[in-house]
Amino acid sequence: MTYCLPVLPGKSRLVAQFPRNFAPMLHQITPRWWTHIKTRNMVLDGDMIILHQQERCLQQQQESWQTAYLMPTQADRLIIEFRKWFDKYCHGQLPWQEVGIVSPEILPINENRQLLLDRYQQHTRHCSSCRGALKAVQRWQKFLLAYFALTVAAVALIRDGMKLRLGLPSILTALLGLGLYSWLKLWLEPKFYFVDYVHPDRK
Numbered sequence: 014m015t016y017c018l019p020v021l022p023g024k025s026r027l028v029a030q031f032p033r034n035f036a037p038m039l040h041q042i043t044p045r046w047w048t049h050i051k052t053r054n055m056v057l058d059g060d061m062i063i064l065h066q067q068e069r070c071l072q073q074q075q076e077s078w079q080t081a082y083l084m085p086t087q088a089d090r091l092i093i094e095f096r097k098w099f100d101k102y103c104h105g106q107l108p109w110q111e112v113g114i115v116s117p118e119i120l121p122i123n124e125n126r127q128l129l130l131d132r133y134q135q136h137t138r139h140c141s142s143c144r145g146a147l148k149a150v151q152r153w154q155k156f157l158l159a160y161f162a163l164t165v166a167a168v169a170l171i172r173d174g175m176k177l178r179l180g181l182p183s184i185l186t187a188l189l190g191l192g193l194y195s196w197l198k199l200w201l202e203p204k205f206y207f208v209d210y211v212h213p214d215r216k
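Just so we're aligned, residue 14 is where the sequence shown starts under this note's numbering, counting upward by one.
Next comes the structure, spelled out in structure tokens:
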């Protein structure tokens, strides 16, 4: 269930609830931030591109919703009734000018993509789960880099006779930690900031 609350021209606060009746144990052990970066943010990113483009087309065409949309099914009845109510009481637009807010020009997607899909500003900094996960990811990166540097320095100081027995396992764990650092830095951390969404690439 999704509610979109307009807060500024071109910006809405999304309130969503996802009831489920399957795999409750898996749902309980999966961190909330993981669900956000792997599923929910991707859905929102895909919708945002389309909705932004639709808004731009409607602004340019300046036509009525009755001719802009095709709504032939019974499932569209609620949207039609809402639009009629919106036309009757708001004349089809929110009264931003009455409170001193000027609607900005809607830019083409290519000019506005980084801003449009900015996950950090739109979600991460507001979500306690994702914000906490991002801080933990950044702390782990510092720890793993420090561990790698200290391990290499320590192995360099070990006597030659001990290097194979103590040094080799230590270097292997340091390299494993460096691999984990790379995964956190190059794959996981960017998911909290920006992920480009290209519809033809999604299958």
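From the three backbone atoms N, C-alpha and C, an ideal C-beta is built for every residue, glycine too.
Query	Result
Please report how far the alpha carbon of Val222 lies from the alpha carbon of Val168, in whole angstroms.	Here the chain comprises residues numbered 14 to 216, so residue 222 is not present and cannot be evaluated.
Within 10 angstroms of the Cβ of Tyr210, are there 16 or more other Cβ atoms? Answer buried if so, exposed if not.	buried
Three-state secondary structure (DSSP) at Phe35?	coil
Kindly give me the distance between the Cβ atoms of Trp78 and Ser142, rounded to whole angstroms, as I take these residues to be in contact under 8 angstroms.	With 8 angstroms as the limit, Trp78 and Ser142 do not qualify as a contact, their Cβ atoms being about 37 angstroms apart.
Any contact of the segment 80–87 with the segment 35–49, i.e. 3+ C-beta pairs under 8 angstroms?	no
Tell me the residue span of the beta strand (DSSP E) that contains Val20.	15–21
In this structure, how does DSSP classify Val28 when only helix, strand and coil are distinguished?	strand
Short of 7 angstroms in beta carbon distance, which residues of its chain neighbour Lys198, apart from the five on each side in sequence? Order them along the chain.	Gln154
What three-state label does DSSP hand Asp89 in the structure shown?	helix
Alpha carbon to alpha carbon, how far is Ala187 from Asp173? Give it in angstroms, no decimals.	19 angstroms
Could you check which residue in Arg178, Val150, Tyr16, Gly180 has the C-alpha nearest to that of Trp196?	Val150
Candidates Arg126, Leu27, Pro182, Leu147: which alpha carbon is nearest Pro203's?	Leu147
How many Å lie between Ser183 and Pro32 at the Cα?	47 angstroms
Considering only the alpha carbon of each residue, which of Val20, Asp100, Lys24 lies closest to Leu128?	Lys24
So, using beta-carbon positions, are Thr15 and Leu27 closer together than 8 angstroms?	yes
Name the DSSP bridge partner or partners of Asp131?	Phe207
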